[in-house]
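Student: Under the numbering used here, the first residue of the sequence shown is numbered -7, with each subsequent residue one higher. Yeah, the Cβ is synthetic: ideal placement off N, Cα and C, and Gly gets one too. These figures come from a predicted structure and were not determined experimentally. Quick one: the structure is below, and I'll ask about it shortly.
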Amino acid sequence: MNSPAIKVLVAGPAGAGKTTFIRTLSTTPIIDTDVLTDDSTVGPSTTVALDFGTLMHAEATVHLFGTPGQQRFDFMWDILCAGSIGLVALVAGDRPSDLVPARRIIEHITSQIPIPWVLGVTRQDVGEVWTPDEVGMFFGLPADRIAGLDARDRTDALRLLALLFERIAMGDGLGEEQLSAAGDS
Ligand SMILES: Nc1nc2c(ncn2[C@@H]2O[C@H](COP(=O)(O)OP(=O)(O)OP(=O)(O)O)[C@@H](O)[C@H]2O)c(=O)[nH]1
Ligand SMILES: [Mg+2]
């Protein structure tokens, strides 16, 4: 018998590391829809539709769906969030200007589907970055819902995913109300 599949969404601003995170975690070749870009704020490539990867967690197959970060593809967020049981939101720790857009994306998704979510602060391996604690303060998030990571590092990525599974196991239905309580700066 096939193991049950669960769907986890990975979202965040362009260049946050979503495709990288899925590539790092997936034990099957990922499907990505990246195209080359010369937009220096993003990366060498940007996702135009979705990313898809899989891994096993406990007895379940986890389907990781990555969203495009660019606002012009935001119609994909609603399509991709259907049926998800949790959200990994990512934001680059060296891009403080992405914090507000990241919050908007989380609000958008959790208002469509009130799923548990955790936040990963990527690029912890580069020099000047905001720490998870600092970003946690901005979002009003407790330490057990946020982690710093290098999205290319499997141990880091698994640690963040484990935080999400803890929230899911706790039956968290938390969402936008928690965010909106977190100071609307
Ligand atoms: N050093 C470092 N580089 C990272 C990290 N995460 C992602 N990158 C790099 O940052 C660039 C952008 O990463 P992507 O995974 O494509 O970002 P994305 O969130 O999928 O971006 P969009 O598809 O445009 O929304 C790539 O060159 C990655 O290798 C990280 O934690 N550390
Ligand atoms: Mg991408």
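So, helix, strand or coil for residue 20, using DSSP?
Tutor: If you number the sequence shown from 1, residue 20 lands on position 28. Assigned with DSSP and collapsed to three states, residue 20 falls in coil, not helix or strand.
Student: With DSSP run on the structure shown, which of helix, strand or coil describes residue 48?
Tutor: On the sequence shown, position 56 is the one that residue 48 refers to. DSSP, read as helix, strand or coil, puts residue 48 in strand.
Student: Taking the alpha-carbon of residue 62 as reference, which of 55, 33, 88 has the nearest alpha-carbon?
Tutor: What you label residue 62 is simply residue 70 of the sequence shown in a count that begins at 1. Considering only alpha carbons, the answer is 33.
Student: Give the straight-line distance between the Cα atoms of residue 74 and residue 86, rounded to the nearest whole angstrom.
Tutor: Stepping through the sequence shown from its first residue, residue 74 is reached at position 82. Stepping through the sequence shown from its first residue, residue 86 is reached at position 94. Spanning the two alpha carbons is a distance of roughly 31 Å.
Student: Can you give me the C-alpha to C-alpha distance between residue 179 and residue 5, rounded to a whole angstrom?
Tutor: Examination of residue 179 is not possible in this model, given that the chain is present from -7 through 177 alone.
Student: So the beta strand (DSSP E) residue 128 belongs to, where does it begin and stop?
Tutor: The sequence position of residue 128 within the sequence shown is 136, counting from 1. From DSSP, residue 128 is part of no beta strand (DSSP E) but of the alpha helix (DSSP H) over 124 to 131.
Student: Would the C-beta of residue 37 count as close to ligand 4, meaning under 7 Å from any of its heavy atoms?
Tutor: Summarising the ligand content, the structure contains ligand 1 and ligand 2 and does not contain ligand 4.
Student: Using a Cβ-Cβ cut-off of 7 Å (strictly less than) and excluding sequence neighbours within five positions of residue 133, which residues of its own chain qualify?
Tutor: The sequence position of residue 133 within the sequence shown is 141, counting from 1. If we look at residue 133 and ignore the five residues flanking it on each side, its Cβ neighbours are 111.
Student: For the segment 58 to 104, list the alpha helix (DSSP H) runs that are entirely contained and at least 4 residues long, ordered along the chain.
Tutor: Scanning the segment 58 to 104 from its first residue to its last, the whole alpha helix (DSSP H) runs of 4-plus residues come out as 67 to 73, 91 to 104.
Student: Run the CB neighbour count on residue 81, radius 10 Å, all protein chains shown included, and call it buried at 16 or more, exposed below.
Tutor: Locating residue 81 in the sequence shown gives position 89, counting from the first residue. So residue 81 ends up on the buried side.
Student: Taking Cβ positions, are residue 13 and residue 143 nearer each other than 8 Å?
Tutor: For the purposes of this step, residue 13 is taken as residue 21 along the sequence shown, with counting starting at 1. For the purposes of this step, residue 143 is taken as residue 151 along the sequence shown, with counting starting at 1. Cβ atoms of residue 13 and residue 143: closer than 8 Å.
Student: In angstroms with no decimal places, state the Cα-to-Cα distance between residue 19 and residue 146.
Tutor: Start at 1 with the first residue of the sequence shown, and residue 19 comes out as number 27. Start at 1 with the first residue of the sequence shown, and residue 146 comes out as number 154. If you take the alpha carbons of residue 19 and residue 146, they lie about 11 Å apart.
Student: Classify residue 67: buried if its beta carbon has 16 or more other beta carbons within 10 angstroms, exposed otherwise.
Tutor: The residue you call residue 67 lines up with position 75 of the sequence shown. It counts as exposed.
Student: Note down, in chain order, each residue of its chain lying with its Cβ closer than 7 Å to the Cβ of residue 152, except the 5 sequence neighbours on either side.
Tutor: Position 160 of the sequence shown, counted from the first residue, corresponds to residue 152. Cβ neighbours of residue 152 beyond the five flanking positions: 80, 110, 112, 139, 141.
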